[in-house]
Amino acid sequence: EPEVTQTPSHQVTQMGQEVILRCVPISNHLYFYWYRQILGQKVEFLVSFYNNEISEKSEIFDDQFSVERPDGSNFTLKIRSTKLEDSAMYFCASSVGLENTGELFFGEGSRLTVL
Amino acid sequence: AQSVSQHNHHVILSEAASLELGCNYSYGGTVNLFWYVQYPGQHLQLLLKYFSGDPLVKGIKGFEAEFIKSKFSFNLRKPSVQWSDTAEYFCAVNARAAGNKLTFGGGTRVLVKP
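Which chain is which? The protein sequence lines are E and A, in order.
One point on numbering: in my numbering, the residue at position 36 of the first sequence is 36, and numbering is uninterrupted.
Plus 1000 on top of the position in the second sequence (first one is 1) and you've got my numbering.
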């Protein structure tokens, strides 16, 4: 069964460093998402991406965040200058399209620890 | 803005007991409703979904949920739980007019004792 894959599974970084989290969505999916879950808190929407551009972003997704689809398969989340409060599990997800809006397929997550 | 509330943060029960997890959302328009499950160490998986039609939906592993529009609720149920149902359960809502994203509830951790 096709699945969303994420790398790395766990990354530890120093405050102020740049981090890139990578995702390979399911191949025929058109919408891509990043969510995050701070330990003990809700799963929060960060950004959605369609047709090579951001379609929606939350207030969390400020200027330190960016997303990119550098080739036909990868979807990346970059955090330019990490802060302690960026420590969280980051989930990538993809969906087929509008007719299946909301049925997202999630990756296993990338745990980011900022020291 | 849409929001989702799950009333129970933690539930502990024994095998064969019945489970009901509450979920309420705030949005007046057309919504799609979902329950996702996250087993320990695994990713979020779809349990069931409601788009339209019969408000009682059946999902995988014997779970079902009932959409009650007048109550803005989408409660999850299972008549008889197993130890393997130990997981965190998330209710999620997509309000079609509010953008192409899911809004999650805070999650309910369910521990089933053998």
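For each residue, glycine too, the CB sits at the ideal point set by N, CA and C.
Please read all numbers here as calculations on a predicted model, not as lab measurements.
task: Taking leucine 84 (chain E) and methionine 15 (chain E) to be in contact with their CB atoms under 8 Å, please state how far apart those CB atoms are, rounded to whole angstroms.
output: 6 Å
message: Would you call the stretch 1047-1054 of chain A in contact with the stretch 1104-1111 of chain A, where contact means no fewer than 3 C-beta pairs closer than 8 Å?
response: no
query: Whose C-beta lies closer than 6 Å to the C-beta of glutamate 56 (chain E) among residues of the same chain, with five residues either side of it excluded?
result: Ser48
query: From A:Pro1040, A:Gln1045, A:Ile1068, pick the residue whose C-alpha is nearest to that of isoleucine 1060 (chain A); which is it?
result: A:Gln1045
task: Can you tell me which of A:Leu1076, A:Ser1080, A:Val1081 puts its alpha carbon nearest to the alpha carbon of phenylalanine 1090 (chain A)?
output: A:Leu1076
task: Assess, as a yes-or-no matter, whether the stretch 85-95 of chain E is touched by the stretch 15-32 of chain E under the definition of 3 or more beta carbon pairs within less than 8 Å.
output: yes
field: Pairwise C-alpha distance: phenylalanine 61 (chain E) and glycine 107 (chain E)
entry: 20 Å
- prompt: Hey, leucine 112 (chain E) and serine 87 (chain E): beta-carbon distance below 7 Å or not?
  reply: yes
- prompt: Taking DSSP as the reference, what is the three-state secondary structure of isoleucine 1060 (chain A)?
  reply: helix
message: In this structure, how does DSSP classify leucine 1013 (chain A) when only helix, strand and coil are distinguished?
response: strand
- prompt: Of all Cβ atoms in chain E, is any one closer than 7 Å to the Cβ of lysine 1069 (chain A)?
  reply: no
- request: Check the Cβ of valine 43 (chain E) against every Cβ in chain A and list those closer than 7 Å, keeping chain order.
  value: Phe1090, Phe1104
query: With respect to the beta strand (DSSP E) encompassing tryptophan 34 (chain E), which residues constitute its N-terminal and C-terminal limits?
result: 31-37
- request: Measuring alpha carbon to alpha carbon, tell me which of E:Pro2, E:Phe45, E:Gln6 ends up nearest isoleucine 28 (chain E).
  value: Looking at the sequence provided, one finds asparagine at residue 28 (chain E) rather than isoleucine. Answer by Cα proximity: E:Pro2.
- request: Report the neighbours of leucine 1046 (chain A) on chain E: residues whose CB is nearer than 7 Å to its CB, in chain order.
  value: Glu103
query: Considering tryptophan 1035 (chain A), what are the terminal residues of the beta strand (DSSP E) in which it resides?
result: 1031-1038
- prompt: With distances taken from CA atoms, which of A:Val1037, A:Pro1114, A:His1010, A:Ala1095 is nearest phenylalanine 105 (chain E)?
  reply: A:Val1037
- prompt: Quick one, which of A:Val1057, A:Gln1042, A:Val1011, A:Leu1033 has its alpha-carbon nearest cysteine 1023 (chain A)'s?
  reply: A:Leu1033
message: Which residues does DSSP list as the beta-bridge partners of isoleucine 54 (chain E)?
response: Paired residue(s): E:Phe49.
message: Between histidine 1009 (chain A) and chain B, is the shortest Cβ-Cβ distance under 7 Å, so that the two count as touching?
response: Of the chains in the structure shown, none is chain B; the protein chains are E and A.
Distance CB(phenylalanine 1074 (chain A))-CB(alanine 1087 (chain A)) smaller than 7 Å: no
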